[in-house]
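K.L.:
At position 294 of the sequence shown the residue is numbered 294 (our numbering), and the sequence of numbers has no breaks. Even for Gly, the Cβ is constructed at its ideal location relative to N, Cα and C. The structure is given below, and queries will be raised subsequently.
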Amino acid sequence: MSRVSQLILPILVLLLAACSTVEEKKPFDGPLFWPQPPDLPRFAYETVLRSQADIAAVTEQAKLREQLTGIQAVSNLPVLDKPSSIVARDGMIYVADTGSNTIVVFNIRLRRIFHFGIREPGNLAKPAGLAMDDAMRIYVADSKLRKVFVYDAYGLFLRTVGSPEDLERPTGVAVSRDGELIYVVDRSYNENDNHRVIVYDKEGLKLKVIGSRGNGEGQFNVPLQAAVGPDGTLYVLDSGNFRVQAFDKDGKYLRSFGNPGKEFGNFARPRGIAVDDDGNIYVSDGSFNNFQIFNPEGQLLLTIGEGSLVSNPGRYGMLSGIAVDETGRIYVVDQLYEKVEVIRRLTESEGLKLLKESKK
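So, in structure tokens, the structure goes:
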């Protein structure tokens, strides 16, 4: 045996031994529903959205063709590059993607994905915030073009609201459910004092400005997103002050909740906000990598999720936007793992069944 062979052989033996002891990745055994026993489960993991394969119906014929040819029946290539904000309703999930600078739409009913914001005059440069009214008009705050673009449910451009003369760096938008009032969150820049919310009517007429920079009641420090409740209350995610502030339809300050800290109910890096049909408020946090649910008065109801180095149900790397649809489903955006996770609200009977099964 040559000197080289004598050196290589022990190395190969060691490598083969190491490979033989590598264990296969274990299936996820964490919680798939929340809260955990002995409390009654209220929400459960439903699915994840990343690609066409996540929503497509694959026929047996297509499966057979895939087996024979080796060509995938449905693409599993990710369609999200850097997802941020999200809205959802009636089986349509809209994601603002700042990687492709488009709106990515998962049409669950038709089992297809499409994009918009890629043609003039509705071409987007940096979509940062999303909102939807009851007529399913889509409002997109573009932080680079400094205006809000309005589309119909299928991405047909309708009009713009606001202008670079009014807005410095819009990062969020909210709209009353009837579409009569449009609230644009102007985050501005760290060195500027124009941290505020500008209110427009449905025709784009500027009505008023809410707030200024500061930490007092009705003031903001790096506001990012906003949402409107079923009673018309405006909730603004005041991220630099680690709180959510509530205002009435006329822009009058009502209340606030939240503080910096590490405990449940605190905020570290709040990124997204949504309100459901019961008026409950959902806030995602990119540092805790969870989202917290509060009642309309700001009392903590439930916390879901945690940070993880591996993408699994309820395990996140960098949370961003959050939405709740008319069925009570929660849609939460993870920028690091480029996914939208869907959490379903359980009926009481479903919760009781899960609770019973967990005790076996």
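1) Whole angstroms is fine: what's the gap from Leu234's alpha carbon to Arg177's?
2) Rounded to whole angstroms, how far is the Cβ of Ala53 from the Cβ of Ser75, which I believe are closer than 8 Å?
3) For Arg89, which residues from the same chain have a beta carbon less than 8 Å from its beta carbon, with the 5 sequence-adjacent residues on both sides left out?
4) Can you tell me whether Asn192 is helix, strand or coil according to DSSP?
5) If you drop the 5 nearest sequence neighbours on each side, which residues of the same chain put their C-beta closer than 8 Å to that of Phe264?
6) With the cut-off set at 8 Å, would you say Tyr305 and Ser311 are in Cβ contact?
7) Return the bridge partner residues of Ser284 from the DSSP annotation.
8) So, helix, strand or coil for Gly351, using DSSP?
9) If we call anything under 8 Å between Cβ atoms a contact, is Lys43 one with Phe33?
10) Measuring only the C-alpha atoms, how far is Leu181 from Tyr139?
11) Is there contact here, the stretch 347-358 with the stretch 275-294, by at least three beta-carbon pairs under 8 Å?
12) Go ahead and pull the three-state DSSP assignment for Ala53.
13) For Gly122 and Ala141, what's the separation of their Cα atoms in angstroms?
14) Relative to the C-alpha of Asn259, which candidate in Asp285, Leu124, Arg119 and Gly279 has its C-alpha closest?
15) Keeping to the same chain, check which residues put their C-beta closer than 8 Å to that of Leu40; ignore five residues upstream and five downstream.
16) Note down, in chain order, each residue of its chain lying with its Cβ closer than 7 Å to the Cβ of Lys208, except the 5 sequence neighbours on either side.
17) Can you tell me which of Pro223, Leu130 and Phe114 puts its alpha carbon nearest to the alpha carbon of Asn190?
18) Pro127 and Ile103 look like a contact to me (Cβ under 8 Å); what is the Cβ gap, rounded to whole Å?
19) Can you tell which of Gly218, Phe220 and Leu237 has the C-alpha that lies nearest to the C-alpha of Ala226?
P.N.:
This is what the structure holds:
1) For the purposes of this step, residue 234 is identified with residue 234 of the sequence shown, where counting begins at 1. For the purposes of this step, residue 177 is identified with residue 177 of the sequence shown, where counting begins at 1. Cα-Cα distance, rounded: 11 Å.
2) Numbered from its first residue, the sequence shown carries residue 53 at position 53. Numbered from its first residue, the sequence shown carries residue 75 at position 75. Ala53 to Ser75, Cβ: 6 Å. Contact.
3) For the purposes of this step, residue 89 is taken as the residue at position 89 of the sequence shown. The beta carbon of Arg89 sits closer than 8 Å to the beta carbons of Met132, Met136, Asp325 and Glu326 from its chain, once the five residues preceding and following it are set aside; these are given in chain order.
4) The residue given as residue 192 occupies position 192 in the sequence shown. Assignment of Asn192 by DSSP, reduced to helix, strand and coil, places it in the coil class.
5) Looking up residue 264 in the sequence shown gives position 264. Apart from the 5 residues on each side of it in sequence, Phe264 sits with its Cβ closer than 8 Å to the Cβ of Gln292, Leu300 and Thr303 in its chain, given in chain order.
6) Here residue 305 refers to the residue found at position 305 when the sequence shown is read from its first residue. Here residue 311 refers to the residue found at position 311 when the sequence shown is read from its first residue. The residue you asked about is not Tyr; residue 305 is Gly in the sequence shown. Taking a C-beta distance under 8 Å as the contact criterion, Gly305 and Ser311 do not qualify as a contact pair.
7) Position 284 of the sequence shown holds residue 284. According to DSSP, which records beta bridges pairwise, Ser284 is partnered with Gly272 and Phe291.
8) In the sequence shown, the residue the question calls residue 351 occupies position 351. The answer is helix: DSSP assigns Gly351 an H, G or I state.
9) Within the sequence shown, numbered from 1, the residue matching residue 43 stands at position 43. Within the sequence shown, numbered from 1, the residue matching residue 33 stands at position 33. Correcting the residue type first, residue 43 is Phe in the shown sequence and not Lys. Cβ atoms of Phe43 and Phe33: closer than 8 Å.
10) Counting from 1 along the sequence shown, the entry for residue 181 is found at position 181. Counting from 1 along the sequence shown, the entry for residue 139 is found at position 139. One C-alpha to the other measures close to 12 Å.
11) With a cut-off of 8 Å, the stretch 275-294 and the stretch 347-358 do not count as touching, because too few Cβ pairs lie within range.
12) As a first step, residue 53 must be located in the sequence shown, where it is residue number 53. Shown here, Ala53 sits in a helix according to DSSP, grouped into three states.
13) The residue you call residue 122 lines up with position 122 of the sequence shown. The residue you call residue 141 lines up with position 141 of the sequence shown. Annotation: Gly122 to Ala141 spans about 12 Å, alpha carbon to alpha carbon.
14) As a working note, residue 259 is residue 259 in the sequence shown. Asn259 has its Cα closest to that of Asp285, out of Asp285, Leu124, Arg119 and Gly279.
15) As a first step, residue 40 is located in the sequence shown; it is residue number 40 there, counting from the start. Non-local beta-carbon contacts of Leu40 in its own chain, meaning distances under 8 Å to residues more than five positions away in sequence, involve Glu348, Gly351, Leu352 and Leu355 in chain order.
16) Start at 1 with the first residue of the sequence shown, and residue 208 comes out as number 208. If we look at Lys208 and ignore the five residues flanking it on each side, its Cβ neighbours are Val199 and Gly251.
17) Along the sequence shown, one-based indexing puts residue 190 at 190. In terms of Cα proximity to Asn190, the closest of Pro223, Leu130 and Phe114 is Pro223.
18) In the sequence shown, residue 127 corresponds to position 127, counting from 1. In the sequence shown, residue 103 corresponds to position 103, counting from 1. Correct: roughly 6 Å between the Cβ atoms.
19) The residue labelled residue 226 in the question sits at position 226 within the sequence shown. For Ala226, the nearest C-alpha among the options comes from Leu237.
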